[in-house]
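Just so we're on the same page, this note's numbering is the position in the sequence shown counted from 1, plus 39.
Have a look at the structure below before the remarks.
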Amino acid sequence: MEQLLNYIDGRLQKPLSDQWLDNYEPATGKVYSHIPDSDSADVEQATQAAQAAFASWSNAPLEERMLLLLKIADGIETRMDEFVAAESRDNGKTLKLARAMDIPRAISNFRFYASALQHFASESHQMPGVGINYTLRQPIGVVGCISPWNLPIYLFTWKIAPALATGNCVVAKPSEITPYTSYLLSQVCIEAGLPKGVLNIVHGLGGKVGQAIVEHPEIKAISFTGGTETGKRIAATAAPMFKKLSLELGGKNPTIVFADCDFEETVKQVVNSAFSNQGEICLCGSRIFIESSLYEKFKKAFVEKVKALKVGDPNNADTNLGAIVSLAHKQKILSYIKLAKEEGGTILTGGNEVKGSGRCADGYFIEPTVIEGLDYLCRTNQEEIFGPVVTLTPFDTEEEVLTMANSVKYGLASSVWTNDLKRAHRVAEKIEAGIVWINCWLLRDLRTPFGGVKASGVGREGGWEAMRFFTEAKNVCIKY
Ligand code: NAD
40 MEQLLNYIDG RLQKPLSDQW LDNYEPATGK VYSHIPDSDS ADVEQATQAA QAAFASWSNA
100 PLEERMLLLL KIADGIETRM DEFVAAESRD NGKTLKLARA MDIPRAISNF RFYASALQHF
160 ASESHQMPGV GINYTLRQPI GVVGCISPWN LPIYLFTWKI APALATGNCV VAKPSEITPY
220 TSYLLSQVCI EAGLPKGVLN IVHGLGGKVG QAIVEHPEIK AISFTGGTET GKRIAATAAP
280 MFKKLSLELG GKNPTIVFAD CDFEETVKQV VNSAFSNQGE ICLCGSRIFI ESSLYEKFKK
340 AFVEKVKALK VGDPNNADTN LGAIVSLAHK QKILSYIKLA KEEGGTILTG GNEVKGSGRC
400 ADGYFIEPTV IEGLDYLCRT NQEEIFGPVV TLTPFDTEEE VLTMANSVKY GLASSVWTND
460 LKRAHRVAEK IEAGIVWINC WLLRDLRTPF GGVKASGVGR EGGWEAMRFF TEAKNVCIKY
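Structure representation (structure tokens):
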């Protein structure tokens, strides 16, 4: 069976312990490769390689860094089919989604930061007649990037690209559940001629490899995306070490539909925002609030569209929802559907696991599920499920829907559907979330800040925010 390898000091290598983990394909429920079960010794080696590479990489001409990042982007593009297949096989997402979203976005991440590094500027502040200050923004050194399984290469490169662009060397860990595209990325980096040690990718478990990265005294900043509980543990370890931290965590995002929305388009987009990637996008809208006067009409049209979604083999062109990422996650989602019933919810459609056929007979599938009749404060409406399960709730006033939308501990994303311009701006200002989409969802401009508030995290990714995160600002003050 194929063995994936760590990428350390420019080479692909086995874990030092020679221990391995099974890598499952969720659509079939079968192991299809083994990944390194690395530990702190591999992280130590990776960190030393990164430290050794830092002086040269941080002083490399900007154009050299830019060209290398562009070459990596080109390398992914050239191997698009392999990346698409690997992303879908690891994660269970449909091939068409991987091709339309994940892989193009990974390419854009490198291209965006290749360009950004040429234009990144810092401030100067004049003290009239007295002197001048200027701000140096210098790379931090060795930084750690840790990412989750839901958008594997998309989120991995969203961290790595700005970290490298700003002149840092990186020790990175992809999710152990979806390692394959980062293994392909390490091959692409070798092909592109990225100097050894600049990027190191160590595979393995969070508690071993991730924890070792967070604890390593020479890794000076941690950029993490994943669950809120893991984020808490990382903060507890890294904060007393005074590391820079960016934490992109869980969500329980509201979708707010007003009666004056463009009806057909809204229903279509709200279905999309609820069930894309089986609801396993941190930005998916899982709590759908609908103005009472539109509620019954919206419910009917929404449920009809959801019923038409096809669940099945991610390789099939007509599949809308592929497999849930793992058996454990499937069980977690099903336990929330059971909870929703216990809490008094009515299942309008879905609610069951789906038996796959053919090669997918043992795969992990769940019907897209729509529930109504739940109190907005119940656990189903407060806790992150991270699957194809949404609730519908009517509301009467703007004030009421804002209370319900903001009632959760999370604050990642939201969407508002209305043709009332003033209301859109008013509501956007009051929603407790890092992103408000108005009459759209997942429309992303990479120059904008990205991140959450409350238990959805601290710090911002994207655009200059990421460039600033991965650099230390130093003020130089000169008296005339
Ligand atoms: P997770 O927290 O279990 O794991 C994320 C990563 O952290 C993995 O690589 C894992 O191995 C590693 N990890 C686990 N324990 C660790 C530790 N003690 N120290 C260091 N690293 C450790 O999350 P997941 O299940 O992979 O992903 C799903 C979660 O990610 C959801 O909560 C989702 O909302 C969130 N998410 C957030 C965003 C965002 O931008 N805010 C984006 C995608 C996913």
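Note that beta-carbon positions come from the ideal geometry of N, C-alpha and C, so glycine has one too.
At least one heavy atom of the ligand NAD falls within 6 Å of the beta-carbon of Thr-269.
Here Ile-199 is buried: its Cβ has 16 or more other Cβ atoms, across all protein chains shown, within 10 Å. Per DSSP, reduced to three states, the secondary structure at Gln-177 is strand. In the three-state scheme derived from DSSP, where H, G and I count as helix and E and B as strand, Gln-42 is classed as strand. The beta carbon of Ala-274 sits closer than 7 Å to the beta carbons of Leu-284, Leu-286 from its chain, once the five residues preceding and following it are set aside; these are given in chain order.
The bridge partners DSSP lists for Glu-287 are Thr-264, Gly-496. Per DSSP, Glu-439 is one residue of the alpha helix (DSSP H) stretching across 437-444. Distance from the Cα of Glu-268 is smallest, within the candidate group Lys-448, Met-105, Arg-104, Lys-461, for Lys-448. With a threshold of 6 Å, the Cβ atom of Ile-185 counts as near the ligand NAD, since some heavy atom of the ligand is closer than that. Taking the Cα of His-158 as reference, the smallest distance to any Cα among Leu-238, Pro-201, Asn-172, Arg-118 is reached at Pro-201. The residues Ile-410, Gly-412, Leu-413, in chain order, have a CB closer than 6 Å to that of Gly-384 in the same chain once the five nearest residues on each side in sequence are set aside. Within the chosen limit of 6 Å, the ligand NAD reaches the beta carbon of Asn-189 through at least one heavy atom.
A residue is called buried when at least 16 other Cβ atoms come within 10 angstroms of its Cβ; Asp-78 meets this threshold and is buried. When distances are taken from the beta-carbon of Phe-425 to the heavy atoms of the ligand NAD, the shortest one is below 6 Å. Between the alpha carbons of Gly-170 and Lys-518 lies a distance of about 4 Å. Bridge partners of Asn-292 according to DSSP: Gly-324.
Annotation: the region 128-212 contains the following complete segments of the alpha helix (DSSP H) (minimum length 4 residues), in chain order: 142-158, 191-204.
Two segments are said to touch when three or more pairs of C-beta atoms, one from each, lie closer than 8 Å; by this definition the region 59-76 does not touch the region 224-240.
For Asp-299, the secondary structure class from DSSP, reduced to helix, strand or coil, is coil. By the Cβ criterion, the region 123-141 is not in contact with the region 486-502, since fewer than three pairs of Cβ atoms, one from each stretch, lie closer than 8 Å. At a cut-off of 6 Å, the beta-carbon of Gln-250 counts as near the ligand NAD: some heavy atom of the ligand is closer than that. In this structure, the CA atom of Arg-144 is about 46 Å from the CA atom of Pro-167. Trp-456 is positioned such that its CB atom lies no closer than 7 Å to that of Asn-420. Uninterrupted beta strand (DSSP E) stretches at least 3 residues long and entirely within the region 335-390 occur at 385-388, given in chain order. For Thr-264, the shortest C-beta to heavy atom distance toward the ligand NAD is below 6 Å. Residues of the same chain with a CB within less than 6 Å of the CB of Ala-112, apart from the 5 flanking positions on each side, are Ile-146, Phe-149, Arg-150 in chain order. Just so you know, the alpha carbons of Thr-430 and Arg-326 end up roughly 5 Å apart. Runs of the beta strand (DSSP E) lying entirely within the region 419-484 and spanning at least 3 residues, in chain order: 428-434, 452-456, 474-477. Under the criterion of beta carbons closer than 8 Å, Val-515 and Val-248 do not qualify as touching, at roughly 38 Å. Spanning the alpha carbons of Glu-330 and Ala-463 requires a straight line of approximately 14 Å.
Shown here, Asn-98 sits in coil according to DSSP, grouped into three states, outside any helix or strand. In the three-state reduction of the DSSP assignment, Ile-273 falls in the helix class, which pools H, G and I. Using a C-beta cut-off of 8 Å, the region 394-406 makes no contact with the region 290-305, since fewer than three inter-stretch Cβ pairs fall below that distance. For Pro-75, the pairing in a beta bridge is given by DSSP as Trp-59. Each of Leu-43, Leu-55, Lys-132, Ser-95 was checked against the Cα of Glu-319, and the nearest Cα belongs to Lys-132.
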